[in-house]
Amino acid sequence: MLKLDYHPSGRHFLQIPGPSPVPDRILRAMSLPTIDHRGPEFGALGREILGKIKRVFRTENPVIIYPASGTGAWEAALSNVLSPGDRVLMFETGHFATLWHKMARRLQLEPEFIGLPGYEGWRRGVQAEMIAARLEEDTHHEIKAVCVVHNETSTGVTSDIMAVRRAIDAAGHPALLMVDTISGLASADYRHDEWGVDVTISGSQKGLMLPPGISFNAVSDKAIEASRHNTMPKSFWAWDEILEANRNGYWPYTPNTNLLYGLNEALDMLLEEGLDHVLARHRRWAAGVRKAVEAWGLEIQCQDPAVYSPVLTGVVVPEGVDADEVRRIIYERFDLSLGMGLGKAKGRMFRIGHLGDCNDLTLIATLGGCEAGMKLAGVTLEGSGVTAALEYFAGHPLEAAH
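Per my numbering, the sequence shown starts with residue 406, numbered consecutively.
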């Protein structure tokens, strides 16, 4: 029999940048008996969730919830506002931007991928001026949407979405702005309405602290209007039936009831603490982890301090060191899971997640496992990252939430 939760003693440290650890409070909520998804109790639950989730996206408009992963929400976003053959401008910031581009091709769109060249291009955020220049060239407005990743989970870079909105407006271009904040939501500052985003894509297993299995499209009036005229084949993903059913708190098909119990509890946790406080603690954790990386004398994957991610930190290992071998040693010796380098970053770096259900000591233990594991792997470190992070956390307390 496969043992999925067997550890000799203590708890496994899941410090990948999603799925993140699920708090006991949410696990307990998910353990409640399943109810009739057509009954009155469920309608009340649905209405409550659909109201509260808007506050996390910071929107007054609808947020559509799917029983799917973030990949499903990508497809829903593209298939509801675009038609086969439509031109789409996408910016390459890392592995997940690349996968979204691949999906656009498979959906028979015509995506144009721009970005900074090579591996180094994966160490910086979206360059809004490049988007502006390309849109200014598109005098016939053939480009129907601009797609960017807010928090690129593969690299630890959080791009400036407001700058992208300004670039589109400065070009006087009517393209829709579509943003993936699958790993950014509830961990990094995100403002769907204020930043003029037309479709925001997200998922449950990151800052919302849930298991995988729920995804989201937050939509603008402009996006809903586009969905009424596009010709992309779709059924399960279609917004119109979901929006109609959601008016009374229901879905047009069987939803994932117990995950919705968990989502409701997660939203309560975030809103009780206060979203601004949630974001502040993520920024503080990230700063402490970066102090550790600097003390080790290693490079941070993101090379632009203005767009350091509060969700994760990518650690670049020295030339000649296999980051995946370092991760293997850390996992086997210290029961600690770290994120691997993906795509162009494979073998060059590992990723420390510092999101969701964490605290200072969780991260101190994580950094201790990283430090000891790197030494066992033969990596020469300049100093103690654990000490540096301890000093940072001790010297920079976070005010209590009210």
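Heads up, the beta-carbon is just placed ideally off N, CA and C, and yes, glycines get one too.
Residue i: CB within 7 Å of a non-hydrogen atom of the ligand HEM
{"i": "Ile431", "result": "The model on display carries no ligand, and the ligand HEM is accordingly not part of it."}
CB-CB length for residue i against residue j, believed under 8 Å
{"i": "Val810", "j": "His759", "result": "No answer is possible for residue 810: the residues shown for the chain start at 406 and end at 807."}
{"i": "Ala533", "j": "Arg571", "result": "7 Å"}
{"i": "Arg460", "j": "Tyr595", "result": "About 12 Å separates the two Cβ atoms, so there is no contact after all."}
{"i": "Ser742", "j": "Ile421", "result": "5 Å"}
{"i": "Ile519", "j": "Val551", "result": "Their Cβ separation, rounded to whole angstroms, is 10 Å, which puts Ile519 and Val551 out of contact at 8 Å."}
{"i": "Ile769", "j": "Leu786", "result": "Not really, about 16 Å apart at Cβ, beyond 8 Å."}
{"i": "Gly667", "j": "Met435", "result": "4 Å"}
{"i": "Ala509", "j": "Leu540", "result": "Contact flag wrong, Cβ pair sits at about 17 Å."}
{"i": "Val731", "j": "Leu703", "result": "With a Cβ gap of about 11 Å, Val731 and Leu703 do not count as contacting."}
{"i": "Met754", "j": "Gln706", "result": "5 Å"}
Cβ pair residue i, residue j closer than 8 Å
{"i": "Asn556", "j": "Val716", "result": "yes"}
{"i": "Pro516", "j": "His500", "result": "no"}
{"i": "Gly744", "j": "Gln610", "result": "no"}
{"i": "Ser640", "j": "Gly475", "result": "no"}
{"i": "Asn669", "j": "Leu450", "result": "yes"}
{"i": "Thr498", "j": "Trp527", "result": "yes"}
{"i": "Arg688", "j": "Gly719", "result": "no"}
{"i": "Arg749", "j": "Tyr524", "result": "This sequence places Lys at residue 749; Arg is not what is there. It is a contact, given that the beta carbons lie within the stated cut-off."}
{"i": "Phe418", "j": "Thr771", "result": "yes"}
{"i": "Thr586", "j": "Thr558", "result": "no"}
{"i": "Ala580", "j": "Gly612", "result": "no"}
{"i": "Ala852", "j": "Ile431", "result": "Limits of the chain in this structure are 406 at one end and 807 at the other, which puts residue 852 out of reach."}
{"i": "Pro660", "j": "Pro472", "result": "yes"}
{"i": "Ser588", "j": "Val602", "result": "no"}
{"i": "Gly654", "j": "Arg443", "result": "no"}
{"i": "Val553", "j": "Val569", "result": "yes"}
{"i": "Met637", "j": "Pro489", "result": "yes"}
{"i": "Gly752", "j": "Asp727", "result": "yes"}
{"i": "Leu665", "j": "Ile536", "result": "no"}
{"i": "Met614", "j": "Val427", "result": "yes"}
{"i": "Gly618", "j": "Ala478", "result": "no"}
{"i": "Ser632", "j": "Trp642", "result": "no"}
Residue i, DSSP secondary structure in three states
{"i": "Asp709", "result": "coil"}
{"i": "Arg733", "result": "helix"}
{"i": "Cys552", "result": "strand"}
{"i": "Arg492", "result": "strand"}
{"i": "Leu419", "result": "strand"}
{"i": "Phe641", "result": "coil"}
{"i": "Gly758", "result": "strand"}
{"i": "Asp574", "result": "helix"}
{"i": "Thr785", "result": "coil"}
{"i": "Thr586", "result": "coil"}
{"i": "Met406", "result": "coil"}
{"i": "Ala697", "result": "helix"}
{"i": "Leu741", "result": "strand"}
{"i": "Leu768", "result": "helix"}
{"i": "Val427", "result": "coil"}
{"i": "Ile619", "result": "coil"}
{"i": "Leu613", "result": "coil"}
{"i": "Thr636", "result": "coil"}
{"i": "Thr792", "result": "helix"}
{"i": "Val602", "result": "coil"}
{"i": "Leu648", "result": "helix"}
{"i": "Glu776", "result": "helix"}
{"i": "Glu704", "result": "strand"}
{"i": "Glu804", "result": "coil"}
Best match in the options for proximity to residue i [C-alpha to C-alpha]
{"i": "Asn764", "options": "Gly577, Ala799 and Ala711", "result": "Ala799"}
{"i": "Met779", "options": "Ser714, Trp701 and Arg689", "result": "Trp701"}
{"i": "Glu776", "options": "Leu766, Thr767 and Gly790", "result": "Gly790"}
{"i": "Leu514", "options": "Glu480, Thr544, His545 and Gly530", "result": "Glu480"}
{"i": "Phe496", "options": "Ala478, Pro489, Ile469 and Ala538", "result": "Ala538"}
{"i": "Arg652", "options": "Gly415, Pro428, Val468 and Lys549", "result": "Val468"}
{"i": "Glu737", "options": "Leu504, Gly448, His412 and Lys408", "result": "His412"}
{"i": "Val531", "options": "Lys408, Ala711, Glu724 and His578", "result": "Ala711"}
{"i": "Ala628", "options": "Met406, Leu521, Arg511 and Asn466", "result": "Asn466"}
{"i": "Glu678", "options": "Thr767, Leu803 and Ile566", "result": "Leu803"}
{"i": "Trp600", "options": "Ile566, Tyr658, Thr767 and Glu646", "result": "Ile566"}
Closer than 8 Å to chain B by CB, residue i
{"i": "Ala685", "result": "The structure shown has no chain B; it contains just one protein chain."}
Alpha helix (DSSP H) runs contained entirely in the segment 650-690, provided each spans 4 or more residues | 662-678
Beta strand (DSSP E) runs contained entirely in the segment 479-547, provided each spans 3 or more residues | 492-496 and 515-519
Uninterrupted beta strand (DSSP E) stretches inside the segment 431-479 (no shorter than 3 residues) = 468-471
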